[in-house]
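J.: Residue 1359 is where the sequence shown ends in our numbering, and the numbering goes up by one at each step.
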Amino acid sequence: MRAFPTRRPLRVAAAAVAASAATALAVANAPEASAGAGLTLELGYSDRAAAVGTTRAVVFTVHNTNPPDALPFYWEYTVPNGLSRPLPPSTDCLSGTVDDVPPETDPGGVPGGGGIPGGDPRSGATADTLYFYGETSGGQVSCTFTVPITSAVETAYSVCPQDLVNVDGVTIGSCAFISFEAQHPHRAAG
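(1) How about residue 1239 and residue 1340: are their beta carbons less than 7 Å apart?
(2) What residues are listed by DSSP as bridge partners for residue 1369?
(3) Once DSSP output is grouped into helix, strand and coil, what is the label at residue 1330?
(4) What do you get for residue 1231, buried or exposed, if any count of 16 or more other CB atoms within 10 angstroms of its CB means buried?
(5) Can you tell which of 1329, 1310, 1248 has its C-alpha closest to the C-alpha of residue 1234?
(6) Below 7 Å between beta carbons: does that hold for residue 1267 and residue 1301?
(7) Just to confirm the assignment, what range does the beta strand (DSSP E) spanning residue 1213 have?
(8) If you drop the 5 nearest sequence neighbours on each side, which residues of the same chain put their C-beta closer than 8 Å to that of residue 1252?
(9) Identify, in the order they occur along the chain, each residue of the same chain with its Cβ nearer than 6 Å to the Cβ of residue 1260, setting aside the five sequence neighbours on each side.
(10) Cβ of residue 1338 versus every heavy atom of the ligand ATP: is any distance shorter than 6 Å?
(11) Tell me whether the beta-carbon of residue 1316 lies closer than 7 Å to the beta-carbon of residue 1221.
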């Protein structure tokens, strides 16, 4: 009986060549990575739903994609009408600050000088605007800013990239949402 060569090795080789070509094409067309990567900012809430009058939080998480680097950041966030801040904001960022007063000086070397990219609006600061600034340090891979909030009425809120202004040093992720609802009568304290 005569043995016939199978076509399987040929098919496997052809598939490998096609996969290599596709990978090379994808790499050639991929956007160029930025040197040193950088910081990303994740937007969130401590819960997706809450009872009216309870305290929850807007959560801003800074992720450092290159922890040995000390990278500066800055942004401003105005708490929407209808939400109130029952407690002061806080952070676990080693070199980060959140305050309702704009910084007077350049925070952590953020480009733009004067503390606030694009100028110094301290005279126009509002009580509902918060200023987040600093730099990553101490090898922190991520750190969090927490802003306690509450609502006296039933409604839904979002925090989205366009809600932050004068952003510098971070790439912002997608929106986050929370809804405040009337407490169910069976769950209300008696």
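For every residue, glycine included, the Cβ atom is placed at its ideal position computed from N, Cα and C.
T.: With the given structure in hand:
(1) no
(2) Beyond the ends of the chain as shown, which are 1170 and 1359, falls residue 1369; an answer cannot be given.
(3) helix
(4) buried
(5) 1310
(6) yes
(7) 1208 to 1214
(8) 1318, 1319, 1320, 1326
(9) 1267, 1314
(10) You won't find the ligand ATP in this model; it holds no ligand whatsoever.
(11) no
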